[in-house]
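Enquirer:
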Amino acid sequence: MKNTLFKSSLLALAGLSTLSAEQLDIEKDELKLGFIKLTDCAPLVIAKEKGFFDEEGLSVEVIAQPNWKQLLDNVINGELDGAHMLSGQPLAATIGFGTKAHIVTAYTLDLNGNGITVSNAVWEQMQENDPKLAVDQPPHPITADSLVPVVEGKLSEGEKLQMGMVFPVSTHNYEIRYWLASAGIHPGMYTSQDIKGFTDAQVELSVTPPPQMPATLESGNISGYCVGEPWNQQAVSKGIGVPVTTNYDIWKNNPEKVFGVTKQWSEENPETHTAVVKALIRAGKWLDATDESGAFLNREEACRLLSKPNYVGADYDVLKNSMTGHFFFQRSDKREMPEFNVFFKDHASYPWYSDGIWFLTQMRRWGQITEAKPASWYHETAKSVYLPDVYKAAAKHLLEEGHITESDIPWDSDGYKTATSDFIDGISYDAKKPISYINSHKIGLKDPAELDNQ
Amino acid sequence: MANKSIDTIKYGLLRIIDVSGFTIFDPVVRLLFGEEPAKQTSKILKYIVIPTIFLFVCIWLWASIAPTHKTKSGQVPTPSQVIETVETNYRQYEREQEKKTAFLTTGSERDAQIKAAKERLKSLEEESKAAQSELTKVEESSLTEIENNLAPFKKEIEAIAAKLKTLTSSAKTEQTALADAIAAGTAKPETLIQAIADFETQKEALTEKRSELNKQLTEAREDPDALKAARLRANAVANEIQHTNSVIDHYEKKNREYQVNELMTKADAAAALASSSKDPKDILKAAKDQVRNTKKIEDVQEREYAPTSTVFWHQIKRSIFTVFVGFVIAAVIAIPIGMMCGLNRIAMACFTPIISIFKPVSPVVWLLIFQIIVGAFFPDPENHPLFVLSSTLPFIQDLGVNPAMVFSACTVAMCAVWPALVNTALAVSSIEQDHLNVARVLKLGFFDRLFKIIIPSSLPLVFAGLRISLGVGWMVLIAAEALSSSDGLGKFVWDEYQNGSSFSFANIIMACFIVGIIGFFLDRLMICLQRLVSFDEDGATV
Numbered sequence: 005m006k007n008t009l010f011k012s013s014l015l016a017l018a019g020l021s022t023l024s025a026e027q028l029d030i031e032k033d034e035l036k037l038g039f040i041k042l043t044d045c046a047p048l049v050i051a052k053e054k055g056f057f058d059e060e061g062l063s064v065e066v067i068a069q070p071n072w073k074q075l076l077d078n079v080i081n082g083e084l085d086g087a088h089m090l091s092g093q094p095l096a097a098t099i100g101f102g103t104k105a106h107i108v109t110a111y112t113l114d115l116n117g118n119g120i121t122v123s124n125a126v127w128e129q130m131q132e133n134d135p136k137l138a139v140d141q142p143p144h145p146i147t148a149d150s151l152v153p154v155v156e157g158k159l160s161e162g163e164k165l166q167m168g169m170v171f172p173v174s175t176h177n178y179e180i181r182y183w184l185a186s187a188g189i190h191p192g193m194y195t196s197q198d199i200k201g202f203t204d205a206q207v208e209l210s211v212t213p214p215p216q217m218p219a220t221l222e223s224g225n226i227s228g229y230c231v232g233e234p235w236n237q238q239a240v241s242k243g244i245g246v247p248v249t250t251n252y253d254i255w256k257n258n259p260e261k262v263f264g265v266t267k268q269w270s271e272e273n274p275e276t277h278t279a280v281v282k283a284l285i286r287a288g289k290w291l292d293a294t295d296e297s298g299a300f301l302n303r304e305e306a307c308r309l310l311s312k313p314n315y316v317g318a319d320y321d322v323l324k325n326s327m328t329g330h331f332f333f334q335r336s337d338k339r340e341m342p343e344f345n346v347f348f349k350d351h352a353s354y355p356w357y358s359d360g361i362w363f364l365t366q367m368r369r370w371g372q373i374t375e376a377k378p379a380s381w382y383h384e385t386a387k388s389v390y391l392p393d394v395y396k397a398a399a400k401h402l403l404e405e406g407h408i409t410e411s412d413i414p415w416d417s418d419g420y421k422t423a424t425s426d427f428i429d430g431i432s433y434d435a436k437k438p439i440s441y442i443n444s445h446k447i448g449l450k451d452p453a454e455l456d457n458q
Numbered sequence: 072m073a074n075k076s077i078d079t080i081k082y083g084l085l086r087i088i089d090v091s092g093f094t095i096f097d098p099v100v101r102l103l104f105g106e107e108p109a110k111q112t113s114k115i116l117k118y119i120v121i122p123t124i125f126l127f128v129c130i131w132l133w134a135s136i137a138p139t140h141k142t143k144s145g146q147v148p149t150p151s152q153v154i155e156t157v158e159t160n161y162r163q164y165e166r167e168q169e170k171k172t173a174f175l176t177t178g179s180e181r182d183a184q185i186k187a188a189k190e191r192l193k194s195l196e197e198e199s200k201a202a203q204s205e206l207t208k209v210e211e212s213s214l215t216e217i218e219n220n221l222a223p224f225k226k227e228i229e230a231i232a233a234k235l236k237t238l239t240s241s242a243k244t245e246q247t248a249l250a251d252a253i254a255a256g257t258a259k260p261e262t263l264i265q266a267i268a269d270f271e272t273q274k275e276a277l278t279e280k281r282s283e284l285n286k287q288l289t290e291a292r293e294d295p296d297a298l299k300a301a302r303l304r305a306n307a308v309a310n311e312i313q314h315t316n317s318v319i320d321h322y323e324k325k326n327r328e329y330q331v332n333e334l335m336t337k338a339d340a341a342a343a344l345a346s347s348s349k350d351p352k353d354i355l356k357a358a359k360d361q362v363r364n365t366k367k368i369e370d371v372q373e374r375e376y377a378p379t380s381t382v383f384w385h386q387i388k389r390s391i392f393t394v395f396v397g398f399v400i401a402a403v404i405a406i407p408i409g410m411m412c413g414l415n416r417i418a419m420a421c422f423t424p425i426i427s428i429f430k431p432v433s434p435v436v437w438l439l440i441f442q443i444i445v446g447a448f449f450p451d452p453e454n455h456p457l458f459v460l461s462s463t464l465p466f467i468q469d470l471g472v473n474p475a476m477v478f479s480a481c482t483v484a485m486c487a488v489w490p491a492l493v494n495t496a497l498a499v500s501s502i503e504q505d506h507l508n509v510a511r512v513l514k515l516g517f518f519d520r521l522f523k524i525i526i527p528s529s530l531p532l533v534f535a536g537l538r539i540s541l542g543v544g545w546m547v548l549i550a551a552e553a554l555s556s557s558d559g560l561g562k563f564v565w566d567e568y569q570n571g572s573s574f575s576f577a578n579i580i581m582a583c584f585i586v587g588i589i590g591f592f593l594d595r596l597m598i599c600l601q602r603l604v605s606f607d608e609d610g611a612t613v
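Taken in sequence, the protein lines are chains A and B. When you line the first sequence up against this note's numbering, it's residues 5 to 458, in that order. When you line the second sequence up against this note's numbering, it's residues 72 to 613, in that order.
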């Protein structure tokens, strides 16, 4: 009886991946993971829905959280085991900007995936300032240069242009700041007294949870925002705003979200952590799988899953835009953007120290880190938060089980990406020299150069 | 004799109607038993038929106004769209049930079900192909349609651009000529200023017109309704396919029995290896594996299906449970304190400032306060005895009691406590002095006085207060759940708002009706209780 059953189930399994030869000795098999309604939570959703968690012997519940603060609090107080986090969150929590707790990450969920959207009124003014933009498909990248007169016009009326971002330590905050500052617009500094970051601001950036961005833009409280998908495409489909640029243009292949857990949790459940990362790596690889012509194999199915109301819940057609590699900048301006969301390829999911250091340099640049720190501090902090060893351990298991290939993982890397100048303003970033990078920006704090050698 | 039993039934029914507060059905019952048909018919006409017609008129108004009111966030859903979302939501519940059955099915039944599901999948795939080809057709035709619609706007915009160009160049020549003339002394400076001002107004008018046209152009680019409908159809089939695939998955590799079998074969293999191998290392490893597998098999055997929470019936049940927990907390606090205040003027004076200050505070503030205070009691929610206990109790275990639920319930209690408290105090302090005098004459002890006189005579008002409390609690709960993301109807509404899909608006309106209907029945429940403890017959009608 048992034997026949086994045979039939084996038949059912044929064609699917084989079960791992040796399962990890997980400490905890029922997990609760939190996420925010954004397309880049996809690896978590896929790992659950495609059974990658199940295959690791994990029974996982994936729960939507109302905002980034609550998500972080729930991870810290133990209600959640881990969560989809902004790259800056584990770093900021660890150094004690905002809620203090040692959070670590062993997996980068995705690269890119954000856009900056401005209201129709601002877009019209930008078009007037720069006639090149007044066509159906304006040339890219669009810098904030044409926004300067709008900001100045507002200032002369005694007002400041209001824009939205999703969290003080979010990628979005640093990206919209980068974009504005690269055109000479001052987005404001954080100081120990001013935790809203309005000091000296020409444009005031305030926090709004991602799903509420389009509604806030429509109500006129803000004139633009920087947010992840699908909330830029939503603005286009509802006709309330125009995405002017994506973070792919601001910094090509920038790190976006990570999978964060508390250090304590990671230490108490090392094997579980590895098992979760294993499932996530498989999910990432599944999401980025392409056929020979480079077309995504699984993204449509992923969109279908994400559009369920308990996950992202937005319309399938809206989600599909950016996920399947194209992006509507206006209704008339649809462009191919195959790398709008990168989940796995080119070692995207590896927890690079250099990514962490970039966020730390931005925190220092805008005054969130209130005192000058030596370069060694940047390296140590990044190393206390990013855990490539867990990632590599998980990858090793997957390699043995045949789910990934040798070249998928940067086995011998020291954790630093090579220096790059793929930024909108062409400034070069070398993670080995964080202080000179901070000093290379026109707007922002400057630190004594000799700190780079300490 | 027969008459008498009919009367018993009749008055029994009337009593039920009276107690439950549905007195509008009173004439229906009387009419059925043939009591004064003319009078009852007129009552039915006045209090049942006319209100029903009024309701239908309201629905008709909604149905006819909704489609004309478009916002950027979407159209106001019509009643039929709302009914459709009820169906969709119910379908989601059914889908979860299907997956659950699939997860638990065993033996030959499983094989049969897999076969059936695969057949269903085949027919669905054909349906999907048809829907897809239909969609591409509609897409193509709507593309040309949009292009055609756009053409006149584009032409006009181009014309305006050309006009602007000529205007600018002619104005430029005119202005330079005038400036030259002024320099030569043949013209007055005012004419130049006038010319420039004229040019500016003309230019402004043209740009304004252009931006108006641009707006219309963007609107004209919106997908036509036929395309939207075709997309919806294609998506519905695709969703069903995905669901069927997932059900098959739950019959196959996610099935509990299958997982157990899988582990058992592994355990057997390990056992075989342990007994046959000569290498001590292998033996050790195999033995370890065996222990591990046995434990795992036990775990998997006990594993339950982890359902996705759906509004039917999980979220509804959880909300009702939370509101009752909060309500009980409120009642337990309010009634004793209220009685104390009613009996003792000093106690009343002590509590008055507290009541007056905290009564008007918004539930949102209470929620944030409780989130911090209550959170401190549960440093490790997983192992806290309260939650461990609640996960073993019948009925409650499925609801998933967690700190979020506790502080939602506390918020409900904090807001619901006031009406009950104030009413109890009022009820106790307004007990007739004669009753108390009788107690004094009889030399009743405190507890006798409390249980024989004070509680019985204050009960109707106390219950009136509790009824208001439950109403307030229910209202507050939805807000508390939305904010704390404690699973329930409030979270459903909030999630839908955040989802921003084309169904969200209809879902929110559906939730509005569900909340209203449940609130109505909770209120009726309290009326029943109130009626049961009242002495006077019509002291507590609506």
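Note that the Cβ used here is the ideal one computed from N, Cα and C, for glycine as well.
(1) At 7 Å on the CB atoms, spell out the chain B contacts of A/Y320, in chain order.
(2) Count the CB pairs spanning the region 385 to 400 of chain B and the region 468 to 488 of chain B that are closer than 8 Å, and state whether there are at least three.
(3) I'd like to know whether the C-beta of A/K41 is nearer than 8 Å to at least one C-beta of chain B.
(4) Measuring alpha carbon to alpha carbon, tell me which residue in B/I549, B/I391, B/N326 is nearest B/V435.
(5) Counting only the same chain and skipping the five closest in sequence on each side, list residues whose C-beta sits under 6 Å from that of B/M485.
(6) Which complete alpha helix (DSSP H) runs does the region 81 to 131 of chain A hold, if anything under 4 residues is left out?
(7) Taking only three categories from DSSP, how would you classify B/T289?
(8) Given A/N325, which residues of its chain have a CB within under 7 Å of its CB, disregarding the five upstream and five downstream residues?
(9) Using the three-state DSSP reduction, which class does A/W235 fall into: helix, strand or coil?
(10) Is B/F534 helix, strand or coil by DSSP?
(11) Mind listing the chain A neighbours of B/S282? Cutoff is C-beta to C-beta under 8 Å, in chain order.
(12) At a CB-CB cut-off below 7 Å, which residues of chain B make contact with A/E465?
(13) Would A/S223 be called buried (16 or more neighbouring beta carbons within 10 Å of its own) or exposed?
(14) With 7 Å as the C-beta to C-beta threshold (strictly closer), list the residues of the region 81 to 102 of chain A near chain B in chain order.
(15) If contact is defined by three or more beta carbon pairs under 8 Å, each pair taking one atom from either stretch, is the region 561 to 573 of chain B in contact with the region 378 to 393 of chain B?
(16) Would you grab the beta carbon distance between A/H407 and A/R286 for me? Rounded to a whole angstrom, and I think it's under 8 Å.
(17) Tell me which residue opens and which closes the beta strand (DSSP E) that A/D337 is part of.
(18) Which of the three DSSP states, helix, strand or coil, is assigned to A/I67?
(19) I need the boundaries of the beta strand (DSSP E) containing A/E208, first residue and last residue.
(20) Does any residue of chain A bring its CB to less than 8 Å from the CB of B/Q569?
(21) So which residues on chain B does A/A68 lean against when the C-beta distance must stay under 7 Å?
(22) Considering only residues of the same chain and omitting the five flanking positions on each side of B/T379, which have a CB-CB separation below 7 Å?
(23) Okay, do the region 28 to 37 of chain A and the region 55 to 69 of chain A touch, 3+ Cβ pairs below 8 Å being the bar?
(24) Any Cβ of chain A within less than 8 Å of the Cβ of B/P452?
(25) Please confirm if A/N314 has its CB atom under 8 Å from at least one CB of chain B.
(26) Could you confirm whether any beta carbon from chain B is found closer than 8 Å to the beta carbon of A/Q141?
(27) Which residues bound the beta strand (DSSP E) around A/G264?
(28) Smallest Cα separation from A/P218: which of A/S358, A/S123, A/T98?
(29) So is B/V604 buried or exposed if we call it buried at 16+ other beta carbons inside 10 Å?
(30) Would you report the Cα separation of A/I99 and B/A173, rounded to the nearest angstrom?
(31) List the endpoints of the continuous beta strand (DSSP E) containing A/N331.
(32) When you compare the CB of B/G561 with every CB in chain A, is at least one pair closer than 8 Å?
(33) Are the region 359 to 379 of chain B and the region 567 to 581 of chain B touching by the rule of at least three beta carbon pairs closer than 8 Å?
(34) Where are the alpha helix (DSSP H) runs, 4 residues long or more, that stay fully inside the region 325 to 410 of chain A, in chain order?
(35) A/E65 versus chain B: which residues are under 7 Å apart at the beta carbon?
(36) Please specify which runs of the alpha helix (DSSP H), each continuous and at least 4 residues long, are wholly inside the region 108 to 164 of chain B, giving them in chain order.
Expert: Let's see:
(1) N306
(2) yes
(3) yes
(4) B/I549
(5) W437
(6) 92 to 99
(7) helix
(8) Q237, F331, F332
(9) helix
(10) helix
(11) E128
(12) As shown, chain A starts at 5 and ends at 458. That puts residue 465 of chain A outside it, with no answer to give.
(13) exposed
(14) N81, G82, E83
(15) yes
(16) 6 Å
(17) 337 to 340
(18) strand
(19) 207 to 211
(20) yes
(21) D566
(22) E167
(23) yes
(24) yes
(25) yes
(26) no
(27) 259 to 266
(28) A/S123
(29) exposed
(30) 47 Å
(31) For the record, residue 331 of chain A in the displayed sequence is Phe; it is not Asn. It spans 330 to 334 - the beta strand (DSSP E) in which A/F331 sits, taken as one unbroken run.
(32) no
(33) no
(34) 357 to 369, 379 to 389, 392 to 405
(35) A377
(36) 108 to 115, 121 to 136
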